[in-house]
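To keep things clear, I will list the structure first and then write my remarks on it.
There are 2 protein chains.
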Amino acid sequence: MAQQIADLRDIEFALFEQFKIDELSEHEIFADFNKKTIKMIISEARQLAVKEFIPTNKPGDEEGCKFDSGEVKAPECFHRIYDLYKEGEWLAMADDPESGGGGMPYSIYLVANELFMGGNLSFMLYNGLTHGAAKLVETFGTVKQKELFLKKMLSGEWSGTMLLTEPEAGSDVGALTSTAHKNDDGTYSITGNKIFISGGEHDLTENIIHPVLARIEGAPAGTKGISLFLVPKYRVNDDGSLGEFNDVVCTGIEEKMGLHGNATASLTLGGKGNCIGTLLGEENKGMRAMFVMMNEARQLVGQQGFSLATAAYMSALNYARERVQSAHILKPKEGGVPIIQHADVRRQLMIMKAYVDALRSLIYFSGVVFDGARVSQDQEEKYALERLIEILTPIIKGYITDKALEVTSHGVQVYGGYGYTKEYPAEQYMRDSRILMIYEGTNGIQALDLFMRKLRMDNGKPFLDFLARIQKTVENAKACDSLQNLAACLQDALNRYQEITALMGKTAAGEKILNAVAHATPLLEVTGDITTAWMLLWRATVATEALKDNPKKKDVDFYDGQLKTAEFFIKSMLPITIGKMNAIANMNGAVVEISEAGFGGL
Amino acid sequence: MAQQIADLRDIEFALFEQFKIDELSEHEIFADFNKKTIKMIISEARQLAVKEFIPTNKPGDEEGCKFDSGEVKAPECFHRIYDLYKEGEWLAMADDPESGGGGMPYSIYLVANELFMGGNLSFMLYNGLTHGAAKLVETFGTVKQKELFLKKMLSGEWSGTMLLTEPEAGSDVGALTSTAHKNDDGTYSITGNKIFISGGEHDLTENIIHPVLARIEGAPAGTKGISLFLVPKYRVNDDGSLGEFNDVVCTGIEEKMGLHGNATASLTLGGKGNCIGTLLGEENKGMRAMFVMMNEARQLVGQQGFSLATAAYMSALNYARERVQSAHILKPKEGGVPIIQHADVRRQLMIMKAYVDALRSLIYFSGVVFDGARVSQDQEEKYALERLIEILTPIIKGYITDKALEVTSHGVQVYGGYGYTKEYPAEQYMRDSRILMIYEGTNGIQALDLFMRKLRMDNGKPFLDFLARIQKTVENAKACDSLQNLAACLQDALNRYQEITALMGKTAAGEKILNAVAHATPLLEVTGDITTAWMLLWRATVATEALKDNPKKKDVDFYDGQLKTAEFFIKSMLPITIGKMNAIANMNGAVVEISEAGFGGL
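Chains as they are written, first to last, in this note's numbering: chain A, 1 to 602; chain B, 1 to 602.
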């Protein structure tokens, strides 16, 4: 039967065959999670996503959120799935049991999230933010703050947000003007206006907990003077019961291109001088605290992009198998065939598949690295794995969300005219995906993060480790006769990539620094392309091995599909990456040199 | 002052400096249209577009079209601009005065259209279709049909459509099932269901004239048995007055991603056996008639894409000049600067500008070629120019609409979070543009048209002429010292392009034909890239010459901007095109060879 959201066979291939995730159960903290249990968990998540979430996706988009006199109603149908999600204890499935979590491997959480977010992203955004906010409490909260908030957030009883952005402080967080006045009892009175707050106000939970960035009176300007506060919508009494309204007023929600089911709120804090927060972490260390959570938040956005991409691929693929239109080009006298038989449609499906397969592997790989760091007893290894995640983060956030738009747009195209209509989900996937390139740091900022920080972090050692891992996959592939040619192509690209990163670094150290900065985005792009080729070649190596064991017909089809996908990407797409690297090598400065007037329009 | 929709300086540069359009006035039929007159016409169009059309764009999107019991209401605010547009006699400004047209050069019509469509595309779609339908009447109509319909359509008193698509006949027009039964009086009774009819029903005009593709009873299957009929919504009496309702019933309109102001109607013809049409052209020659119009219709879609791109560029550019955010990377201690000063934002604006400039030139060039064919006294030259338009058509339709999505998406990104909201026009431009890659033949079909038909048309002579024109620009640039390097880069790309097209042709003639077909879209892409580089190098050559004349400061900025844009595209983008050609050269067949099951999801 046709699958929705994600191909289960491919999920299992990546989890068990590529990454051998079940080996985690050799570690004590994951002992309960053998292959059988993992499959069961995924099957349950899939059931919930397909049967309950998908049917709410379009209604949520059409109904949207309703704002009226400070109150926001989420789409009606979200209430039922919120309860189901909460009852299933999905949100904290991978968190520390001591905090109320389920203690599962993070990798498995990623799979569940893929299914849930592919089913209804607007809905899952409420939960993703709650999780991020809870992690802030877990990491920086006092005993008291944890006691009052943590379990209720991780259980989904209360939801959470992140209050960073202000009208004049978007990418430039340091420009924020929200202030905190210290009260005699150690609490702070908060005043300020925040915008673009996803899930900032809604009726799914009785309380909403806002981590808020604000400046304590007298603190330095810029990011150095920013502190983090915990500000609930309703105050919480010492016994955990709800107290009075905390003067966090929703003044409106945005009309947006997509994600209509999630309320993007404008909030006024302390408009009546009555908004009280408690300090989370240390004074003036708010940015550092946020940065700790940033990796998770940015990875989550990449996962969101991937989830839409896989959902878009599955639906376009199913449509292409069913929709009959035009005769085959070699048999013009015969009748129409399913459009999956037309070369140009296959090309589009193949592009979608290549990214979906590779990006699934990339995301699971980040989970494996995360879990690996968690179980590692070797401090050096643990440190190295944590740095690897930092390298991967801008790739996951920036590259995957770029590709999500591309894949969901191909999804629309495969449907033809129908793809532009609301009769099918294709156009919603595309609309929903467009914000992902912007929020949690625009993709331009991700590119700067990769180039200016991650590549040179610890004198470039983590980056070299990253390259060494790709090299290892190339070596493994070289050892397979049938993959030698593909391995050689990736080797060439990898060699060229090292030259390019060296050139970028050298240019940035000289007087043409701006020319290098102007190439940060192209560099992120080629980094992502090479990562894609890496994951596909890795998959092809695993598939080649598996084919030696005389698998069943169905598995032969699957593994052959893996080989063809790697071949396609490496022969038909990777040469374009080489072209992109040659473009970077020109290190042209026209973008930097053109005068402002030269852009025209005056 | 900041400009909207399109940069007037650039319009005039392309028209007068690059293409010397005013020289057309040397020909008798265009004698009235000297530079001054042309500028006046453009100024009027611009006034109308900026002052009247832009303010209706967002309301039209929000209000959308309303369907109720067979009737469709266009957005309320469209009525006023419809009247203004009609009163200005804009629709037929370039048509034959004998048919009621204004007799202006087609090139000028293109400029007016750029401004109008950039102002409100949903609205202009009604007019574009009316024009296309009127051209069918003008070309194939009997004296009587012209008398009854032509002037009323060209004046905008009545509107027009195109009824091709049916639920099971989209790209495969030949699969249509609408039928025509010949009556004793020579008319035909039409029966059928048509879908995706832009402007198929609305309240802007008292009558709507539908050219309809249908099969006369007993006619052959496929495209060979298709005839074209003229079917008015209300019958037209011999004296031109309106008669009874013609049983063309609107059964609903589509909910779409964008273009909400234009009604995409489903129509049932002859549901009560009472729909009468007259044959337009000859029996069973309907497809041929449609193909005559197809070039104009497809070019129009490319123009639509360009219009959204230029409007998106202007609005993003204006925003980038005003929006202050973050310090300059070289002056981190100083305050925030307008984001146009940030390298990554400049990179995005430059990409937008490069496409907008080049595609404007490409579109005007097609106008110049069209007008050239019209005034040419030399049959051979006329024939060659008409073939050149045929070569350009899939590039204009396919490549420009691909780039329109890319440019409008960059437009969203420049706005950051605001770009995703409906507060600014960016997201609407992107939503509106997404259909352009699909309708009037998907871009995959454009790619097949270029590769399978246009390249080999007349034994490849028109294609060689096309290449020779690019070569000529390269030669002219080589003659400028300062452009030699850029010229050499385009020369390399052009040489490689010729190898690639030869390889594609050779492959298609052999047993790996499907491998070639699977590369039709990449071929269209590189054809478009090279065309872009061609136009930008041409512009740079003109700018270089102009700079020798000691122009005013403002003009120096403009011409320098042209040089930087060409430099950017040729040094930073064209190497990617070479990469794409190297990918094509691999002529990999994975897309063709992968089994259907190998795509997964089963």
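Even glycine gets a Cβ: it sits at the ideal position worked out from N, Cα and C.
No experiment lies behind these values; they were computed from the predicted model shown.
7 Å Cβ cutoff, residue i in contact with chain B
i, result
"A:E440", "no"
"A:A309", "no"
"A:Y420", "yes"
"A:Q304", "no"
"A:M350", "yes"
"A:M314", "yes"
"A:R346", "yes"
Residue from the options whose Cα sits closest to the Cα of residue i
i, options, result
"A:L503", "A:E511, A:M117, A:A516, A:L494", "A:A516"
"A:L242", "A:K233, A:V249, A:V248", "A:K233"
"A:Y82", "A:F599, A:S155, A:D10, A:A384", "A:S155"
"A:G186", "A:G277, A:G270, A:G128", "A:G277"
"B:F568", "B:K382, B:D378, B:M350, B:I500", "B:M350"
"A:L91", "A:G60, A:Y399, A:P59, A:K135", "A:K135"
"A:E138", "A:L280, A:Y364, A:L448, A:F466", "A:L280"
"A:S482", "A:V412, A:D560, A:L467, A:Y429", "A:D560"
"A:E406", "A:S572, A:Y355, A:N443, A:T421", "A:Y355"
"A:T541", "A:F13, A:A2, A:L8", "A:F13"
"A:S198", "A:S122, A:A112, A:T401, A:I108", "A:S122"
"A:V111", "A:A49, A:E98, A:H131", "A:A49"
"B:A543", "B:I530, B:A289, B:G335, B:A566", "B:A566"
"B:A289", "B:C275, B:T223, B:K331, B:E334", "B:T223"
Own chain partners of residue i with C-beta closer than 7 Å, once the 5 adjacent residues on each side are dropped
i, result
"A:A404", "G305, F306, L308, A309, S433, L436"
"A:I606", "Nothing can be reported for residue 606 of chain A, as the shown portion of chain A is limited to 1 through 602."
"A:K152", "W158"
"A:E168", "A175"
"A:A585", "I500, L503"
"B:Y418", "Y424"
"B:G271", "D247, V249"
"B:C480", "T541, T544"
7 Å Cβ cutoff, residue i in contact with chain A
i, result
"B:G411", "no"
"B:S171", "yes"
"B:Q3", "yes"
"B:P105", "no"
"B:N120", "no"
"B:F599", "yes"
Same chain, Cβ closer than 8 Å to residue i, neighbours up to 5 away in sequence not counted
i, result
"B:V236", "L148, F149, N207, L242, G243"
"B:L129", "S159, G160, T161, M162, S198, G199"
Sequence-distant residues of the same chain with beta carbon closer than 6 Å to residue i, five excluded per side
i, result
"A:H210", "T161, L163, V231"
"A:R346", "none"
"A:S178", "G192, A214"
"A:S266", "I195, T251, G252"
"A:G64", "H260"
"A:S376", "K382"
Interface flag, residue i vs chain C, CB-CB below 7 Å
i, result
"B:F370", "Of the protein chains in this structure, namely A and B, none is chain C."
Near the ligand ADP: residue i beta-carbon under 6 Å from a heavy atom
i, result
"A:R360", "This structure does not include the ligand ADP; it has no bound ligands of any sort."
Secondary structure, alpha helix (DSSP H): runs of 4+ residues fully inside the stretch 357-442 of chain A = 379-394, 400-414, 426-433
Contact set between the stretch 515-530 of chain A and chain B, restricted to residues whose Cβ is under 7 Å from the partner | V517, A518, A520, T521
Can you give me, in chain order, the residues of the stretch 488-513 of chain B that have a beta carbon less than 8 Å from any beta carbon in chain A?
-> I513
Chain-ordered residues of the stretch 156-167 of chain B with a beta carbon less than 8 Å from chain A | T165
Start-end ranges of the beta strand (DSSP E) lying completely within the stretch 251-330 of chain B, minimum 3 residues = 264-269, 276-279, 324-327
Listed in chain order, which residues of the stretch 171-198 of chain B have Cβ atoms closer than 9 Å to some Cβ of chain A?
-> S171, D172, G174, A175, I195, F196
Jot down the residue ranges of each uninterrupted alpha helix (DSSP H) in the stretch 5-33 of chain A, minimum 4 residues, whole runs only, in chain order.
-> 8-12
Taking a cut of 8 Å between CB atoms, which residues from the stretch 244-256 of chain A lie near chain B?
-> E254, E255, K256
Any residues in the stretch 3-27 of chain A with a beta carbon nearer than 8 Å to a beta carbon of chain B? Which ones, in chain order?
-> Q3, D7, R9, D10
Start-end ranges of the alpha helix (DSSP H) lying completely within the stretch 128-184 of chain B, minimum 4 residues = 151-154
Scan the stretch 208-230 of chain B for residues whose Cβ lies nearer than 7 Å to a Cβ of chain A and list them as they occur along the chain.
-> none
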